[in-house]
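First the structure, in the form of structure tokens, and then the observations on it.
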Amino acid sequence: MTKKILLFLFVLVFMFTLTTYSSATNIALNSINTTNDVNNLNTNDTNSSNNIETTFELVEDNSCIIDLDGMATFEKSMTDFDANERSITLTLTIRSLLEQGTVPVANDAEIFLVIDNSSSMIENYVGDTTRKQAVIDSANTLVQKLFEANPDFKIGVVGFSSLDSSKGETEGTINDATLRLGLSNSKEEVKNAITNLSELQVGPRTNIEAGLTIAQNNFSTEEGVNRYIVLLTDGVPNNATDGTSLTYSGVVATRTKNKIEEIQDSGIQILASMINLDSETVEPTTQKTYRELAEEIFGTEENPTTSKYFYVPDAELGNTIINDIYDNLVEEEPNTINNIVIKDYFPQEIVDNFNFEYVESANIGNVSADIDKETNCITWNIETLNPGETASLSYKLTLKDNFDETIINQVLPTNEKVDITAEHNGETIENSSDDSPSVIIKQEKIEKPVVNEVDNTISNKPIPQTGDNSSIWFIATVSIIAIVLISRWIYLRNMSK
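When we follow my numbering, the leftmost residue of the sequence shown carries the number 211, and every step to the right adds one.
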């Protein structure tokens, strides 16, 4: 019984001591956590003071569109907008609307058509029409094409054949040729003069020297002009302007060839078309074929005395006059747009407050590396834009962190204007536009509650120190002494019994 009482008292003292130690520890931990919570709250409140929010908005998405006389179209438009990054991306595109092919170069020219009106031209046929009428029809079509290529061309008409000396006419002189029309840029006048060749009196012989001389004497003296004589004949000359006639060689051949060389040396080009010259029939007085007699004067197609020599069978008459001669009169070039210059101007507010960078390089041509600070523009040069081809580039404008706050709430066009110049077929094309996307910068103050900034990190009550165990040991000692005394009392009591 005594032992049970002592064991009970010992357990009671041990539980009391353990409970006291745990309570002190929990108090200390709770005090530390409370202090940390106060510190965290104060930190957040410090960061959540008054804030200013800057917003970047797109006001108008206007595209800048420029038409270049229906030959090309230019567009500047927005291709990306990032409100968070405060940036706008713009793409410049120019696209050719031309078709593949060639176009005439608009060089000034003076042209004389010198057309044979001798009897052989009406005695021979091309299909159902006379050779003369076939030449007239083809010459009119040629004139139509020439004026379409360049309305400023000037064209004159000369008809030639010999007069009839048996009738007392002055055959073998300059009078064997007639000026039917001086140089004119009227298509109607030129075509009428060609058509009216059929009304001329037809002579029995051919005086090419007279026809060439009349044309030579009626060109202008204007500088910088290309000059041509187009000779259309079916015969070898047998008359000259010094009175010599009825001969196919000797003086006539020499005088005609000399005239050709004289004209060539003066800068006038001669395109000679010898129609259906017989390369088999022999001329009785010379024992040479008509083709050989002609080549003594005009040369051959491979080695011409003239600028160009055409031997023309009747079946090819139309194609030679309408196309081959045209190709020699009109210089053509690829149907391209050339020397394109695009200048994109920026407002001063954009230059001062936005960073500029290319995000897609020009796929054709070259562009300035940055905005020119003197002109506030970038320049894009494209040497050649082919038919159906598209050129493009893109750049980004990003608001600077340290932008000028005076632009807040202002509508800012992203460009001031775009100017374009280009060339096509010798003509200058130019156009401009001031349309562009616009943005606006806004700022808004965001108010957040501010916590009282009192230092609550120091507790107003002492925090129990878990490392100080003096009170625990005191209680334990007193308890043991009490147990010992009680045990002694119980022992003495039992002994007295």
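Where is the CB? At the ideal position from N, CA and C, for every residue including glycine.
- In the DSSP assignment, glycine 445 falls outside any alpha helix (DSSP H) and carries neither an H nor an E.
- In this chain, the beta strand (DSSP E) harbouring tyrosine 519 covers 518-522.
- For the stretch 544-579, the continuous beta strand (DSSP E) assignments of 3+ residues that do not extend past its boundaries occur at 547-555 and 564-570, in sequence order.
- For the pair valine 336 and leucine 487, the CB atoms are not nearer than the 7 Å cut-off.
- Leaving aside the five residues that flank threonine 423 on each side, the residues in its chain whose CB is nearer than 8 Å to its CB run, in chain order, Ile384, Ala387, Thr451 and Lys469.
- Beyond the five residues adjoining it in sequence on each side, threonine 283 comes within less than 8 Å, by CB distance, of Ile275, Ile276, Asp277, Ile304, Arg305 and Leu307 in the same chain, given in chain order.
- A residue is called buried once 16 or more other Cβ atoms fall within 10 Å of its Cβ, and serine 297 is buried on that count.
- At the C-beta level, alanine 316 and isoleucine 404 stay beyond 7 Å of one another.
- The DSSP-derived three-state label of leucine 302 is strand.
- Secondary structure of alanine 403 (DSSP, three-state): helix.
- Around isoleucine 592, the same chain offers Ile550, Ile574, Gly575 and Ala601 as residues with beta carbons nearer than 6 Å, after the five sequence neighbours per side are excluded.
- Glutamate 570 and isoleucine 588 have their C-alpha atoms roughly 14 Å apart.
- The stretch 339-381 is shown to contain whole alpha helix (DSSP H) runs of 4 or more residues at 341-359, in chain order.
- Contact check for valine 368 against alanine 425 passes: the beta carbons are separated by less than 7 Å.
- Separation of glutamate 626 and asparagine 635 (C-alpha to C-alpha, rounded to the nearest whole angstrom) is 30 Å.
- In this structure, phenylalanine 564 lies near leucine 609, with their beta-carbon atoms less than 7 Å apart.
- In the structure shown, the three-state DSSP call for serine 430 is coil.
- Here aspartate 292 carries a strand assignment [DSSP, helix/strand/coil].
- Shown here, glycine 598 sits in coil according to DSSP, grouped into three states, outside any helix or strand.
- The criterion of a C-beta distance shorter than 7 Å is not satisfied by asparagine 327 and leucine 442.
- Nearest Cα to leucine 622 within the set Ser578, Thr491, Lys498 and Glu270: Glu270.
- DSSP places valine 324 in the uninterrupted beta strand (DSSP E) bounded by 319-326.
- Where serine 330 is concerned, the enclosing alpha helix (DSSP H) starts and stops at 330-333.
- The beta carbons of glutamine 474 and threonine 516 sit about 7 Å from each other, so the pair counts as a contact at 8 Å.
- Assignment of leucine 481 by DSSP, reduced to helix, strand and coil, places it in the strand class.
- Distance from the CA atom of isoleucine 581 to the CA atom of threonine 594, rounded to whole angstroms, is 24 Å.
- Note on glutamate 358: under 16 other CB atoms within 10 angstroms of its CB, so exposed under the neighbour-count rule.
- Under DSSP, glutamine 653 forms a beta bridge with Thr264.
- Note that the C-beta distance between phenylalanine 322 and isoleucine 439 is below 7 Å.
- The three-state reading of DSSP puts arginine 390 in strand, counting E and B together.
- In the DSSP assignment, isoleucine 473 falls within the alpha helix (DSSP H) that extends over 461-475.
- Taking a C-beta distance under 7 Å as the contact criterion, serine 604 and threonine 624 do not qualify as a contact pair.
- Lysine 627 is bridged by DSSP to Tyr555.
- Beta-bridge analysis with DSSP links asparagine 591 to Val551 and Asn576.
- Using a Cβ distance threshold of 7 Å, threonine 631 and glutamate 637 do not count as a contacting pair.
- Cα atoms of lysine 401 and isoleucine 478: separation of roughly 23 Å, rounded to the nearest angstrom.
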